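Peer 1: Questions regarding the structure given below will be posed in turn.
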Amino acid sequence: MHLWRFRICQMNLSDSNTMLGRSSLTLGGHRRGGILAKLIVLLILAVGLGLAGFAFLGKEGGDANAKTLDADDIHIVSRSSFDIVIPASGELTTERKIEIRNRLEGRALITEIVGEGNSVKAGDVLLKLADDEIIDKIKDGEDKVKTAESSVIAAEQTLAIRRSTMESDLQKADLEIEIAQLAMKAWEEGDLVTARQTNDIHIETARINRDRLKKRFAEAKSLVDSGFISNDEYEQDRIQLIEAEAQVKSFELAKDVYERYTIKKERAEKESSVEQSNAEKGRTEQRHLAEIVKIEADVESAKFKLDTAKERLADLREQLDACVIIAPGDGLVVYASSMSGERRGRGDEPPPQVGTELRQNELVMVLPDTNRMIANLKVGEALSGRIRPGQPSVVFSDSSPNQPVAGAVVGVSVLAESGGWRDPNRRDYTVKVGLDVDPSLGLKPSMRCRGEIVLGNVEDVINVPIQAVFRKGPLAFVYVPEERGFAQRRVDIGQSSEMLVEIRDGLAVGDQVLLRRPGAGEIVSELEMPESMGGGPGGRFAGASGGGWPGSGKPSGIPGGGKPSGIPGGGKPSGIPGGGKPSGIPGGGKPTGVGSSTTSQTSQAGPSGRPSADPAKAPKEASKPSGDVTS
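The opening position of the sequence shown corresponds to residue 16 in the numbering used here, with each subsequent residue numbered one higher.
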């Protein structure tokens, strides 16, 4: 740089000599040019000395300023007890609330409604709806019921007549069967026996007659020869004998035909008569049963229509009763349009009033029981696993921020809620805290509140504020003051709350620690990472200058990160003045791109647990009020 300035001076000197040589002044050009060159050289030397002195004085001034500390930046290590608390925020609701809905199936117009904010008792009228159309429908329904009853009676009478007719026809059929059976028996025991006897008698008589005529004919031959009778008489005897033999054969043939065919024919006829009588009875019964089934179906259909008409009439009467809604219990009247997420339509629609038309099953109002309140607090996913039913809690409502309300955890929601489009990676669980409410506080549903859930207590331990602890990879350390600045000292941390961290090893009572991140010129000694932990020139944490609370270095009392839920970004706990920038340190102790303290770095940590490189987020998170917890 000096060479560059010297060359410029030579160029200027050469130009001056040229110009002076051309001048018409009385003084000599060479003498005047030498004087000017000497002046320029002296000027350059003066400027160089001035810059060097300014740099030296600036450095000395910076060191002097670096040694100027605010009393709020230094914390003296002590031993004490503290509670492990999860701060959270949310809103109040009631343990029990009664929903009032429109139960009308058709068009429902409000004719009378109780005002919002009124306290009602069980049995008070909340809402009245128009009932003209329902009354007309009830009259029509009563007519339909009467018509259906007449149809049922007519069908039942027809069924009774058909059953009686079937019974009569079946009795006739039984009689026909009995007659056929008797005829069969009469034939077997009477007609059959008589016919056989007759055939036998005819055959026997014919044989006797034949034998008689044969004997007579034999005697007649001798008589003809003797001349006692004529040949004509003899021939007549022969004719009579032939006729007698033919008659015997005829009777024998008749018996044979009767035995072989006639009996079978007559038996078949008698048996067929019995079978036909039985079959006719079956056909008669089936015919009547088919008619009965049809009539019974008509009866069931008529009864179904009657039951349907009665049910419809009963529904209409219930609908008429639903036109007047009575409060089932005590509570405070809150319109559904006033509740978040329960608006009936667009946000600009007015609340329900006289003349408003309601949809079926539409939520009109809610009667919350304010005698038993619940605080729905949002807790981060990392901390939700440590919360158990029965843990004590303290809740402060925004309406009475200085009035604590004691309570206990009732339960934790099963599923987490997303942070929405603003923070899609955020997951919060709802913790329900039952409160012991004093009615004089006037707490109401949907009031904003903040709470503290007490997880446990740490008794008589060495502790420091949480913003005094930093991380370098897996190591935790603090800055302790030395002669020319601050040195990093490794510590072993234990449980922590939203403000304090237990120090198990590395500090003693009375030691001093820095409550902010020192500037680059204030650090006089840094920790070296052991090679077993990823240190060394090529290690994972080589050159690390100490972050806030990366994911691998969280204190044991706060799982999921070093920033406790409820200490928004700034890292300056309530009650500790000064924040991350101590007064008396020019330019602040906060390097560019680094949050104001340990907790602010944690709030900027990404999914891997390392601080974010985006410096724009730190001022925004540091500006959050310490009481507004968004875990």
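Each residue gets a CB set at the ideal place from its N, CA and C atoms; glycine is no exception. Just so you know, these numbers come straight off a predicted model, no measurement behind them.
Roughly how many whole angstroms lie between the Cα atoms of Lys112 and Val469?
Peer 2: The sequence position of residue 112 within the sequence shown is 97, counting from 1. The sequence position of residue 469 within the sequence shown is 454, counting from 1. Their Cα atoms are separated by approximately 28 Å.
Peer 1: Buried or exposed, going by whether 16 or more other CB atoms sit within 10 Å of the CB of Ile600?
Peer 2: For the purposes of this step, residue 600 is taken as residue 585 along the sequence shown, with counting starting at 1. The predicted model places Ile600 with a pLDDT of 36, which falls under 50 and marks its position as unreliable; any figure quoted below should be read in that light. Flag for Ile600 reads buried.
Peer 1: Looking only at C-alpha atoms, which of Arg94, Phe243, Leu58 sits nearest to Val14?
Peer 2: Any answer about residue 14 is impossible in this case: the structure gives the chain only from 16 up to 646.
Peer 1: Give me, in chain order, the residues of the same chain whose beta-carbon lies closer than 8 Å to that of Glu110; leave out the 5 immediate sequence neighbours on both sides.
Peer 2: As a first step, residue 110 must be located in the sequence shown, where it is residue number 95. Cβ neighbours of Glu110 beyond the five flanking positions: Asp384, Arg387, Met388, Ile389, Gly449.
Peer 1: Using only the alpha-carbon positions, how far apart do Ser288 and Ser179 sit?
Peer 2: Within the sequence shown, the letter at position 273 stands for residue 288. Within the sequence shown, the letter at position 164 stands for residue 179. So the alpha carbons of these two residues sit roughly 26 Å apart.
Peer 1: Using only alpha-carbon positions, find the residue among Val516, Cys464, Met380 that is nearest to Asp413.
Peer 2: To locate residue 413, count along the sequence shown from 1; it is residue 398. Here the closest residue by C-alpha is Cys464.
Peer 1: Decide if the segment 391-398 is in contact with the segment 101-110; the criterion is three or more beta carbon pairs, one per stretch, under 8 Å apart.
Peer 2: Because the criterion of three Cβ pairs below 8 Å is met, the segment 391-398 and the segment 101-110 touch.
Peer 1: Could you compute how far the alpha carbon of Val379 sits from the alpha carbon of Ala329?
Peer 2: What you label residue 379 is simply residue 364 of the sequence shown in a count that begins at 1. What you label residue 329 is simply residue 314 of the sequence shown in a count that begins at 1. Distance between the alpha carbons of Val379 and Ala329 is about 24 Å.
Peer 1: May I have the straight-line CA-CA distance separating Ile23 from Ala535, to the nearest angstrom?
Peer 2: Walking along the sequence shown from the start, residue 23 turns up at place 8. Walking along the sequence shown from the start, residue 535 turns up at place 520. Here Ile23 scores only 34 on pLDDT, less than 50, and its place in the model is too uncertain to base an answer on.
Peer 1: Evaluate Ile341 with the Cβ neighbour count: other Cβ atoms within 10 Å of its Cβ, from every protein chain shown; 16 or more gives buried, anything less gives exposed.
Peer 2: Here residue 341 corresponds to residue number 326 of the sequence shown, with the count starting at 1. Answer is exposed; the Cβ neighbour count stays below 16.
Peer 1: Let's see if you can read the secondary structure: which residues bound the beta strand (DSSP E) around Met388?
Peer 2: Position 373 of the sequence shown, counted from the first residue, corresponds to residue 388. Met388 -> beta strand (DSSP E) spans 388-395.
Peer 1: Considering Cα atoms alone, identify which of Ala431, Ile218, Asp158, Val427 is closest to Gly404.
Peer 2: Your numbering for residue 404 matches position 389 in the sequence shown. According to the sequence displayed, residue 404 carries Pro and not Gly. Comparing Cα-Cα distances from Pro404 to each of Ala431, Ile218, Asp158, Val427, the minimum goes to Val427.
Peer 1: In angstroms, rounded to a whole number, what distance separates the CA positions of Gln262 and Ala188?
Peer 2: Taking the first residue of the sequence shown as position 1, residue 262 is located at position 247. Taking the first residue of the sequence shown as position 1, residue 188 is located at position 173. Straight-line Cα distance between these residues: approximately 47 Å.
Peer 1: Taking the beta strand (DSSP E) that Arg178 falls in, what are its first and last residues?
Peer 2: Numbered from its first residue, the sequence shown carries residue 178 at position 163. Per DSSP, Arg178 belongs to no beta strand (DSSP E); it is in the alpha helix (DSSP H), 147-201.
Peer 1: Quick check on the burial criterion: 16 or more other C-beta atoms within 10 angstroms. Buried or exposed for Gly422?
Peer 2: In the sequence shown, residue 422 corresponds to position 407, counting from 1. Label assigned to Gly422: buried.
Peer 1: Kindly confirm or deny that the segment 489-509 and the segment 522-535 touch, where touching means at least three C-beta pairs closer than 8 Å.
Peer 2: In short, these stretches touch, since the Cβ pair count reaches three.
Peer 1: Distance check for Asp443 and Arg437, CA to CA, integer angstroms please.
Peer 2: By 1-based counting over the sequence shown, the position of residue 437 is 422. By 1-based counting over the sequence shown, the position of residue 443 is 428. Their Cα atoms are separated by approximately 14 Å.
Peer 1: Can you give me the C-alpha to C-alpha distance between Leu398 and Ser461, rounded to a whole angstrom?
Peer 2: Start at 1 with the first residue of the sequence shown, and residue 398 comes out as number 383. Start at 1 with the first residue of the sequence shown, and residue 461 comes out as number 446. Near 24 Å, if we compare the C-alpha coordinates of Ser461 and Leu398.
Peer 1: Just how far apart, CA to CA, sit Ile136 and Ile115?
Peer 2: The residue given as residue 136 occupies position 121 in the sequence shown. The residue given as residue 115 occupies position 100 in the sequence shown. With the sequence shown as reference, residue 136 is identified as Lys, and Ile is not the correct amino acid for it. When rounded, the distance between both Cα atoms is 14 Å.
Peer 1: Is Val135 close to chain E? Criterion is C-beta to C-beta, closer than 8 Å.
Peer 2: No chain E is part of this structure, which consists of one protein chain only.
Peer 1: Could you check whether the segment 141-159 touches the segment 319-334, counting it as contact only if at least three pairs of C-beta atoms, one from each stretch, sit closer than 8 Å?
Peer 2: Result yes; three or more Cβ-Cβ pairs closer than 8 Å.
Peer 1: Output the boundary residues of the beta strand (DSSP E) element that contains Glu467.
Peer 2: Counting from one through the sequence shown, the residue named residue 467 turns up at place 452. Residues 463-480.
Peer 1: Taking 8 Å as the threshold (C-beta atoms), are Val92 and Val524 in contact?
Peer 2: The residue given as residue 524 occupies position 509 in the sequence shown. The residue given as residue 92 occupies position 77 in the sequence shown. Yes, Cβ-Cβ distance for Val524 and Val92 is below 8 Å.
Peer 1: Relative to the C-alpha of Arg441, which residue among Val420, Arg505, Glu396, Glu474 is closest?
Peer 2: Looking up residue 441 in the sequence shown gives position 426. Minimum Cα distance to Arg441 is reached at Glu396.
Peer 1: Here's the rule I'm using: 16 or more other beta-carbon atoms within 10 Å means buried, otherwise exposed. How should Arg519 be labelled?
Peer 2: Taking the sequence shown and counting its residues from 1, the one referred to as residue 519 is at position 504. Its Cβ having fewer than 16 others within 10 Å, Arg519 is exposed.
Peer 1: Do the CB positions of Gly370 and Ile149 come within less than 8 Å of each other?
Peer 2: Counted from its first residue, the sequence shown places residue 370 at position 355. Counted from its first residue, the sequence shown places residue 149 at position 134. Cβ atoms of Gly370 and Ile149: not closer than 8 Å.
Peer 1: Taking Ile216 as the reference, which of Glu267, Phe243, Asp226, Asp184 has the closest Cα?
Peer 2: Within the sequence shown, the letter at position 201 stands for residue 216. The candidate whose alpha carbon is nearest that of Ile216 is Glu267.
Peer 1: Note down the Cα distance separating Lys279 from Ile192, rounded to an integer number of angstroms.
Peer 2: Taking the sequence shown and counting its residues from 1, the one referred to as residue 279 is at position 264. Taking the sequence shown and counting its residues from 1, the one referred to as residue 192 is at position 177. Taking the straight line from one Cα to the other gives about 21 Å.
Peer 1: By Cβ distance, which residues of its chain are closer than 8 Å to Val452, with the 5 residues on each side in sequence left out?
Peer 2: Position 437 of the sequence shown, counting from 1, holds the residue named residue 452. Here the set comprises Thr385, Asn386, Arg387, Met388, Val420, Leu458.
Peer 1: Here's the rule: buried if 16 or more other CB atoms are within 10 angstroms of the residue's CB, otherwise exposed. What is Ser183?
Peer 2: Position 168 of the sequence shown, counted from the first residue, corresponds to residue 183. Exposed, by the Cβ-count rule.
Peer 1: Taking 8 Å as the cut-off, decide whether the C-beta atoms of Val685 and Ala483 are in contact.
Peer 2: For the chain, the structure presents residues 16 to 646; residue 685 sits outside this window and is missing.
Peer 1: Flag this pair as yes or no: are the beta carbons of Leu144 and Gln375 separated by less than 8 Å?
Peer 2: Taking the first residue of the sequence shown as 1, we reach residue 144 at position 129. Taking the first residue of the sequence shown as 1, we reach residue 375 at position 360. No, the pair does not count as a contact, with Cβ atoms beyond the cut-off.
Peer 1: Could you pull the DSSP bridge partners for Tyr444 from this structure?
Peer 2: For this step, residue 444 is matched to residue 429 along the sequence shown. Looking at the DSSP assignment, Tyr444 forms a beta bridge with Val394.
Peer 1: Going by C-alpha to C-alpha distance, which of Glu541, Gly435, Asp313, Leu515 sits closest to Lys487?
Peer 2: Translated into positions along the sequence shown, residue 487 becomes position 472. The option with the nearest alpha carbon to Lys487 is Glu541.
Peer 1: Tell me whether Asn214 counts as near the ligand ZN, meaning its Cβ is closer than 7 Å to at least one heavy atom of that ligand.
Peer 2: Looking for the ligand ZN in the displayed structure turns up nothing, as the structure carries no ligands at all.
Peer 1: Rounding to the nearest angstrom, what Cα-Cα distance links Pro454 and Leu347 in this structure?
Peer 2: Locating residue 454 in the sequence shown gives position 439, where the first residue counts as 1. Locating residue 347 in the sequence shown gives position 332, where the first residue counts as 1. When rounded, the distance between both Cα atoms is 13 Å.
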